[in-house]
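Worksheet: the structure to be examined is printed underneath.
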Amino acid sequence: MDVVLFAMFACRGPFDDLLDAQCDAAAGDHAECGHMLTDMARLLRSQHYVDNDTATKLHQALNKICPSVCLDRQDPDPSEFLSFVCRDVLKAAPFVKLSTGQSNYVYQLVSTGSPTTRDPPTVQNLFAESLLQHDAKLCSVIAPLIIRMPLDGNDKTRRRVFPAPHLDISQLLAGPSARRCHGCSNVARLDCRECSREFCEPCFATLHRGDTMNRHNGRHVVGYDATSGMGPLLELFAVVTVEDQRCMSYVRVPEGSSQSWLLFETAPDSVGAEADPSVPVVRQCPNIAEWFSEERRQSVVNQTLDVPTEISSIVSNASLCFYRFLESNQPIYVSLIP
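Residue numbering for the sequence shown follows my numbering, beginning at 2 and increasing consecutively.
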């Protein structure tokens, strides 16, 4: 699926290390796929486009590895295809491991909210809510962290979701990583499942004095060190959207570029009589980054500004959000429980 490959390889990112390791270790059809993906990445970064012949050969090579993955169907599942590439081609370990013992390449958000909610929640909100629903914490995270929105198909649990430009997972980690109190920002000692928050002991007592709140149970967090400061912080670098049979990728280009995001569209709206809707289009989207701010999110909620088409598409039709660790938070592997 071209939009997924564009999101993975259009710009240098965490998938590069996985691809390099695969090319060094693979043999046979897997080696062929690895080299073809490398060539595709070079083409994408030099001209933001891969010719049809190269793309067709790559799809044929992928089908040799796993014919059961229907790469040519009209309505593919981006998360299924991405998991196939990571598992069967790149031979990568699952990117997310939970305290419940589950692991996967793509984390599926679960939301109990009403699909008619006017205020679109952020990915940050839903990520914390989803882990809470499963009584789970993150045991290990390997960049990239890929999150699937609860928006796929006709049975949407959320009408809109606002991608968070940054994802703070410090409150979602299991193990000996210091987390901050929700009340005062000192090191937290108690975890309140009902609040989905962590507190130091004084703040827990102060904030749970009410008749309802005093029934909450604070669980002691073990294994903390004396380290202060926030935990790992990730940044959004790609979004894949799906609306009917129309798929798009929005990819953040490296810092320093005059245009910070690119749009890749597999079946764009025809422009002019000679336009071919089967030919992918890549164009710059210079204003996307500013719309990810909290101020602009509120303007979307309150409908005080005209929202660009690209932002409406991302908020309403996002399927996958790709996150990577900020440069200051490297290495990209955070192991919290052996």
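Backbone N, C-alpha and C define an ideal beta-carbon position, used for all residues, glycine too.
May I ask you to list the residues that DSSP assigns as paired with residue i?
| i | result |
| --- | --- |
| Gly-211 | According to DSSP, which records beta bridges pairwise, Gly-211 is partnered with nothing at all. |
| Gln-109 | Arg-149 |
| Cys-201 | For Cys-201, which the question treats as bridged, DSSP gives no partner whatsoever. |
| Thr-123 | Phe-163 |
| Gln-285 | Leu-263 |
| Arg-181 | Val-188 |
Taking the C-alpha atoms as reference points, what is the distance between residue i and residue j?
| i | j | result |
| --- | --- | --- |
| Pro-95 | Ile-143 | 8 Å |
| Asp-107 | Glu-81 | The sequence shown places Val at residue 107, rather than the Asp named in the question. Each residue's Cα considered, the two are about 9 Å apart. |
| Met-214 | Ser-314 | 39 Å |
| Leu-264 | Thr-55 | 21 Å |
| Gln-109 | Phe-85 | 16 Å |
| Leu-237 | Pro-166 | 5 Å |
| Leu-191 | Arg-216 | 14 Å |
| His-31 | Leu-6 | 16 Å |
| Ser-261 | Gln-23 | 29 Å |
| Glu-296 | Ile-289 | 13 Å |
| Arg-198 | Cys-182 | 8 Å |
| Ile-66 | Gly-211 | 59 Å |
| Met-41 | Pro-15 | 16 Å |
| Val-90 | Leu-99 | 24 Å |
| Ser-294 | Glu-33 | 42 Å |
| Cys-193 | Ala-206 | 11 Å |
Helix, strand or coil for residue i? Go by DSSP, reduced to three states.
| i | result |
| --- | --- |
| Ile-315 | helix |
| Ala-239 | strand |
| Asp-40 | helix |
| Ala-34 | Position check: residue 34 holds Cys in this sequence, whereas Ala was assumed. The answer is helix: DSSP assigns Cys-34 an H, G or I state. |
| Arg-253 | strand |
| Arg-216 | helix |
| Glu-295 | helix |
Measuring alpha carbon to alpha carbon, tell me which of the options ends up nearest residue i.
| i | options | result |
| --- | --- | --- |
| Ile-170 | Ser-141, Gly-219, Phe-200 | Ser-141 |
| Arg-88 | Leu-20, Phe-205, Ser-131 | Leu-20 |
| Thr-310 | Tyr-251, Gln-172, Pro-255 | Tyr-251 |
| Pro-164 | Thr-242, Val-97, Cys-196 | Thr-242 |
How would you label residue i, buried or exposed, when you count the other beta carbons within 10 angstroms and need 16 or more for buried?
| i | result |
| --- | --- |
| Val-307 | It is worth fixing the name first, because residue 307 is Asp in this sequence and not Val. Exposed. |
| Gln-172 | buried |
| Leu-45 | buried |
| Gly-35 | buried |
| Glu-275 | Any reading at Glu-275 must be qualified, since the residue scores a pLDDT of 49, below 50, and its modelled position is unreliable; the value itself is stated next. Exposed is the call here. |
| His-135 | exposed |
Measure from the C-beta of residue i to each C-beta in chain D and report whether the shortest distance is under 8 Å.
| i | result |
| --- | --- |
| Ala-165 | The structure shown has no chain D; it contains just one protein chain. |
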